[in-house]
Amino acid sequence: MSLDLQIVDMAGATPDHSTVITNFVNMVYNQLRDSTCRVYPDNVQYKWKLNDGSEKTVIPDVSINCQIRSRKGNSFLNAPQFVLEVLSPSTEKYDRTEKKEIYREEEIPEYWIIDIRNRTIEIYDLDYENGEPKYYLIDTITAEKPNAVHLIHFPHIKIDWDQLFDGVD
C-alpha cells in the first residue's frame, strides 16, 4: 500500500483573519436559521475526486452548504454553494490559484476572496464558457462602496461592511 502524503507547515491564523471569519459566520448564521442551508467556519473539510482522478481535501475559511447530510465522518462529499477565503501572506497564492481552481472544478457557484490588508472583497460568480465552468470577477468591494457587498446566490442575506471588519486593526 502506497500513501501519498504531504505535510504542510501552516502558521496559525492571525486574530484579524479569525475575526473576519467569525463576523461573517455570525452575520449569516441567523439569516439561514429557517432554511436547509448552514454556514460553517474554517473547521469543516470537503473531500473531492478531481478531474485528474486524484483526491483533494480542502478546508475553506467559510462555506455555505445546503446539502448537509452528504458527508462521511467529518468531511462533506458534496460541493458547498458558497466559499470565502480570507487572504494571509502564507496562503494568498494558494487561495488565488490552486484552491480557486479546485472550487471551479467542483462548480461552486460563488467564491469570495477577502483581503484584510487592503480591505477589499472580490466576488466571483461561476458561469460556463463552451461548457466549461469559469469564474468571473463580478465586483471588487472597497470601503468607498460598502453597500455594494452582497451574496449573489443568497440575495436575502444581508452583509454589513462595518460589522464584517469590526474588531480588525
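Under my numbering, the first residue of the sequence shown is numbered 21, with each subsequent residue one higher. Note that the Cβ used here is the ideal one computed from N, Cα and C, for glycine as well.
Alpha carbon of residue i to alpha carbon of residue j, nearest angstrom
i	j	result
T39	G73	36 Å
Q205	H176	Nothing about residue 205 can be read from this structure; the chain reaches only from 21 to 189.
K120	Y49	24 Å
P100	D159	21 Å
T56	Y131	20 Å
L58	I88	Here residue 58 turns out to be Arg, not Leu, going by the sequence shown. The straight-line gap from Cα to Cα measures roughly 7 Å.
N94	C86	16 Å
Residue i, enclosing alpha helix (DSSP H) - first and last residue
i	result
I41	35 to 51
I79	No alpha helix (DSSP H) contains I79, which DSSP labels as neither H nor E.
Per-residue DSSP class, three states only, for residue i
i	result
L184	helix
K165	coil
Q26	The predicted model places Q26 with a pLDDT of 45, which falls under 50 and marks its position as unreliable; any figure quoted below should be read in that light. Correct three-state label for Q26: coil.
Bridge partners - residue i, DSSP secondary structure assignment
i	result
R58	N85
L146	Y155
S95	Q65, K92
I17	Shown here, the chain extends from 21 to 189; a query on residue 17 therefore has no answer.
T160	E142
Beta-carbon separation (whole angstroms), residue i vs residue j, contact threshold 8 Å
i	j	result
K154	I122	The pair is not a contact, with the Cβ atoms about 14 Å apart (cut-off 8 Å).
F96	L171	That pair is no contact at about 19 Å.
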